[in-house]
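Peer 1:
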Amino acid sequence: MKPEHLTRQVCRKYAEQRRAQGARSPSWKTRKPLSNGTIIREIVTLRAALKWAVSEKWISEAPQIEAPPAPAPRERWLTRDEAKRLLAHIKAPHVHLFVLIGLYTGARTGAILELEWSRVDLATGIIHFGAGEGNKRRSIVPMVPQLRDALNAAAQIRTSDWVIEFYGKPVKSVRHAFRDAAESANLADVTPHTLRHTCATWMVMNGVPFEMVAKFLGNSVEMIERVYGHHSPDWLRQAAKALSGLDW
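Heads up, the sequence shown stops at 248 in full-length UniProt numbering, and the numbers go up one at a time, no gaps.
This is the structure in structure tokens:
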């Protein structure tokens, strides 16, 4: 297909076909629906390739590429009681430690699974999560006492360089064990990434400034305001104050 044939109608048709085609499940026996997020990434890649072709003078101009609307940010987060229930239903020690790190640092799954003991300073209580891939920044965060105690205990019995290990080997995924624990605790729509949302929500609800939350999580201030701003007591008070001035 020539670039000039990439109309908005063609892009919409592509999105419909990709959504209908779906993606193979981990078992490779069935297919699951393809999200708008995946389709958007594919179309954005195409858009970047066309812009590069223009810069290389392979084509005179790039066509207008239309992507599906961005998915709404996930709102699911855990209450304190839900977090306790989740931890109570986790059987494997390495998964229990994974959840504690996720709740108390807000780190992404990949950053936690790739964390090595050389980046955990138990003396100062600081974790260096290292460099992330692409635009996913990773942070340097302090440990809360509960997490520091858990890491101290884990360090005493560690058998490898990896913080999250299973019989001396790094862990590639905790998805299945996490899902089983969530189901046992009767927690719906909970994934490992929910831990990051929970950490951010707890901080915002307790009045931590957006700038500090953003630095803690390695996100932009704008993103924190957009996704978690409605949990901020300061924002809610400002809204209530604005309404209180109305006279009838």
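Even for Gly, the Cβ is constructed at its ideal location relative to N, Cα and C. Just so it is clear, the structure is predicted and the values come from calculations on it, not from any experiment.
1. Find the nearest neighbour of Ile43 within the set Ala182, Lys13, Arg108, Ala150, judged by alpha-carbon distance.
2. Tell me whether Phe166 sits in a helix, a strand or coil according to DSSP, three-state version.
3. Would you please state the rounded distance, in angstroms, between the beta carbons of Leu87 and Leu78? I believe it to be under 8 Å.
4. Whole angstroms are fine: how far does the CA of Ser184 sit from the CA of Ala153?
5. Just list the residues that DSSP pairs His128 with in beta bridges.
6. Can you look up Glu4 in the DSSP assignment and give me helix, strand or coil?
7. Less than 9 Å between the beta carbons of Leu113 and Pro170, yes or no?
8. Taking 8 Å as the cut-off, is the C-beta of Lys169 nearer than that to any heavy atom in the ligand MG?
9. From the DSSP output, in three-state form, read off Glu114 for me.
10. Determine the direct distance from the alpha carbon of Met203 to that of Ala83, and round the result to whole angstroms.
11. Exposed or buried, what is Leu115 when buried is set at 16 or more other beta-carbons lying within 10 Å of its beta-carbon?
12. His231 and Thr201 look like a contact to me (Cβ under 8 Å); what is the Cβ gap, rounded to whole Å?
13. Which residue marks the beginning of the alpha helix (DSSP H) containing Ile40, and which one marks its end?
14. In chain order, what are the residue ranges of uninterrupted alpha helix (DSSP H) at least 4 long that sit wholly in the stretch 55-100?
15. Look at the alpha carbon of Ala111 and the alpha carbon of Ser55, and state the distance between them as a whole number of angstroms.
Peer 2: In brief:
1. As a working mapping, residue 43 is identified with position 43 in the sequence shown. Nearest of Ala182, Lys13, Arg108, Ala150 to Ile43, Cα basis: Lys13.
2. The sequence position of residue 166 within the sequence shown is 166, counting from 1. In the structure shown, Phe166 sits in a strand (DSSP, three-state: E or B).
3. Within the sequence shown, residue 87 is the residue found at index 87, counting from 1. Within the sequence shown, residue 78 is the residue found at index 78, counting from 1. No, Leu87 and Leu78 are not in contact; Cβ-Cβ is about 10 Å, not under 8 Å.
4. Working through the sequence shown from its first residue, we reach residue 153 at position 153. Working through the sequence shown from its first residue, we reach residue 184 at position 184. Straight through space, the alpha carbons of Ser184 and Ala153 are spaced by roughly 26 Å.
5. For this step, residue 128 is matched to residue 128 along the sequence shown. According to DSSP, His128 bridges with Ile140.
6. Translated into positions along the sequence shown, residue 4 becomes position 4. Correct three-state label for Glu4: helix.
7. Stepping through the sequence shown from its first residue, residue 113 is reached at position 113. Stepping through the sequence shown from its first residue, residue 170 is reached at position 170. With contacts defined as CB atoms closer than 9 Å, Leu113 and Pro170 qualify as a contacting pair.
8. What this structure holds is no ligand at all, so the ligand MG is not there to describe.
9. Here residue 114 corresponds to residue number 114 of the sequence shown, with the count starting at 1. Coil at Glu114, not helix or strand.
10. Indexing the sequence shown from 1 puts residue 83 at position 83. Indexing the sequence shown from 1 puts residue 203 at position 203. So the alpha carbons of these two residues sit roughly 15 Å apart.
11. Against the sequence shown, residue 115 aligns to sequence position 115. Label assigned to Leu115: buried.
12. As a first step, residue 231 must be located in the sequence shown, where it is residue number 231. As a first step, residue 201 must be located in the sequence shown, where it is residue number 201. About 5 Å; that satisfies the 8 Å criterion.
13. Within the sequence shown, residue 40 is the residue found at index 40, counting from 1. Run containing Ile40: 36-55, per the alpha helix (DSSP H) assignment.
14. 80-88
15. Here residue 111 refers to the residue found at position 111 when the sequence shown is read from its first residue. Here residue 55 refers to the residue found at position 55 when the sequence shown is read from its first residue. Computed Cα separation, rounded: 35 Å.
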